[in-house]
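Here the structure is laid out as structure tokens; the discussion comes afterwards.
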Amino acid sequence: MIRIAFVGAGNAVFGRTFLLDLFLSPLEEVEVRLVDPEGDRLARLVRLGEKFREEGPKAVYLRPLPLPEALRGAHVLVFAADVGGEEVLRQDYETALAFGVDQSIGDTLGPGGLMKFLRLLPLLEEVAEGFQGELILNYANPLTAVTAFLARKGHRALGLCHSIAETARTLAGYLGFSEGELDYLAGGVNHLSWFVRLAHGGEDLYPRLRALAQQEDYWELDPVRFELLRVFGLFPSESSGHVSEYLPYFRKRPEIMARYVRSGYRGESGFYPRHHLRFVEEALREEEAWLRGAYPKSPSGEYAVPVLEAFFLGRAFRLYATHLETRVPGLLAGFPAEAPLRLPAWKGEEVLLPPGPLALSRHAQEVQALWVEGALGHDPSLLLQGLALDPLTAAVLDLRGIEALFRRLVEAGKGLLPSWVT
């Protein structure tokens, strides 16, 4: 029997999509050990599994368990945990904003990304110590830092994010194709990867995309990413809102924000922290519909179950993942050998980033590398240095201001942080 520990199974999206995909998969004799502090969420997942089983007999067994018991003897760990909820997301956003650092999402770099990572550390330490299985699939942000931490603890870890596929879908829409018609290749670091190939039937589509970016109605759809395309020559992954806070160019002064920032995922101030509860409520309403039987009859498109099929059944498929050990030397030149990169997880295609995009992605990786080193060595000074190297934070504050912001963030969040940080 395949034993899977799912930590953070109560996640309003990944929990149910994982179960849906598993019940649709050829995998059999699977025990999923559900771990989450919210017991009612786990009870709903068990009910959902029973609903899926109505489609036909399936040897998938769901067991809510405490973390230590769930980890014991598990072959695979799926990690989708978050700590703190909406209140701490707002706290991170508002604390940073009081210092002039304006984030839209706050889950990868900057003050928001750092605090999410620190809140996860006690759980990550316990997981890294207790799990002795073969593979960790990580969905939790900041994905690069979390995946690197687990890998540095000696685990085979893959970070899973659909941002490259979502961006490919967006680009296909801009260019008048379906996603499946595009021939593309991308690489970099999670949430800041670059499309080094964008083609259709042998035609390079970048000239068309650059022409579209000159049209105001298209530029308004994706201001930050089209501006990066104009200057750096390639189109990046994730949304304009995400990318706007990873770089020093777009959010450091109000007049600059007025030029580049738009509503929603195009960069709205505090968009994710302020709307997080609404997103969760919408996801739970959709889950209720699934419990009534109105769920999809085809796979969700998430990656965890296809990875398990590849791992246990040898079924090949193409995947972009954040990973270390599957990397071929030279697959993405210009990064340290131990850097966790956003790369094709199949072998044979080399991603060559031009110097400019390479430098931007490498800087994002180095910021998170400092956080990981600080976490491994219990060294708060490295956390501070990582925040000082964050492009947006450094564009707004001097070093003394960054130190003051770091102290304020730690003081505000100390109830959920490792003791060595405070």
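Start counting at 1 in the sequence shown, then tack on 7, and there's your number in my numbering. Where is the CB? At the ideal position from N, CA and C, for every residue including glycine. Predicted model only: the values in this text are computed from it and were never measured.
(request) Look up Pro-306 in the DSSP assignment and say whether it is helix, strand or coil. (result) For Pro-306, the secondary structure class from DSSP, reduced to helix, strand or coil, is coil.
(request) Label Phe-430 either buried or exposed according to how many other C-beta atoms from any shown protein chain fall within 10 Å of its C-beta, with 16 as the threshold for buried. (result) Outside the shown range of the chain, which is 8 to 429, sits residue 430, and nothing can be said about it.
(message) Please report the straight-line C-alpha distance between Arg-7 and Leu-142, rounded to a whole angstrom.
(response) Any answer about residue 7 is impossible in this case: the structure gives the chain only from 8 up to 429.
(message) Between which residues of its own chain and Phe-233 is the CB-CB distance below 6 Å, once the five residues before and five after are set aside?
(response) Correct list, in chain order: Ala-220 and Trp-226.
(message) If you follow the beta strand (DSSP E) that Arg-70 is in, where does it begin and where does it stop?
(response) For Arg-70, the enclosing beta strand (DSSP E) covers residues 67-71.
(message) Alpha carbons only, please: which of Glu-132, His-249 and Leu-216 is nearest the one belonging to Arg-204?
(response) Ranked by Cα distance from Arg-204, the first of Glu-132, His-249 and Leu-216 is Leu-216.
(message) If the criterion is Cβ atoms closer than 9 Å, does the pair Ala-87 and Arg-10 meet it?
(response) No, these two residues do not count as a Cβ contact at 9 Å.
(message) Let me confirm a value: Gln-375 is counted as buried when at least 16 other C-beta atoms fall within 10 Å, else exposed. Which label applies?
(response) Gln-375 is buried by the Cβ-count criterion.
(message) Just to confirm, is the Cβ distance from Leu-2 to Pro-313 under 9 Å?
(response) The requested residue 2 is not part of the displayed model; the chain covers only 8 to 429.
(request) List the endpoints of the continuous alpha helix (DSSP H) containing Ile-171. (result) For Ile-171, the enclosing alpha helix (DSSP H) begins and ends at 170-182.
(request) Just confirm the distance between the C-beta atoms of Gly-113 and Pro-364, as a whole number of angstroms; I'd bet it's less than 8 Å. (result) The Cβ separation is near 23 Å, so there is no contact.
(message) I'd like the ranges of any beta strand (DSSP E) spanning at least 3 consecutive residues and lying wholly in the stretch 85-145.
(response) Listed in chain order, they are 142-145.
(request) Let me know if Ser-246 comes out buried or exposed under the rule of 16 or more other beta-carbons within 10 Å of its beta-carbon. (result) So Ser-246 ends up on the buried side.
(message) Suppose contacts are defined by Cβ-Cβ distances below 9 Å. Is Leu-27 in contact with Phe-59 by that definition?
(response) The answer is yes: Cβ separation under 9 Å.
(request) Could you check what DSSP says for Thr-329 in three-state terms: helix, strand or coil? (result) Three-state DSSP puts Thr-329 in a strand.
(message) Just to confirm the assignment: which complete beta strand (DSSP E) runs, minimum length 3, are found wholly within the stretch 189-267?
(response) Scanning the stretch 189-267 for uninterrupted beta strand (DSSP E) segments of 3 residues or longer gives 190-196 and 199-207, listed from N- to C-terminal end.
(request) Look at Thr-329 and Asn-197 and say whether their C-beta atoms are less than 9 Å apart. (result) It is a contact, given that the beta carbons lie within the stated cut-off.
(message) I'd like to check one pair, Gly-119 with Ala-103: are the Cβ atoms closer than 9 Å?
(response) Yes, Cβ-Cβ distance for Ala-103 and Gly-119 is below 9 Å.
(request) Would you decide whether Arg-407 is buried or exposed? Buried here means 16 or more other CB atoms lie within 10 Å of its CB. (result) By the neighbour-count criterion, in which a residue is buried when 16 or more other Cβ atoms sit within 10 angstroms of its Cβ, Arg-407 is exposed.
(message) Since Gly-107 and Val-403 should fall inside the 8 Å C-beta cutoff, what is the C-beta to C-beta distance between them, to a whole number of angstroms?
(response) Here Gly-107 really is in contact with Val-403; their C-beta atoms are around 5 Å apart, less than 8 Å.
(message) I'd like the span of the beta strand (DSSP E) that includes Val-428, first residue to last.
(response) Neither: Val-428 is in no beta strand (DSSP E) and is coded neither H nor E.
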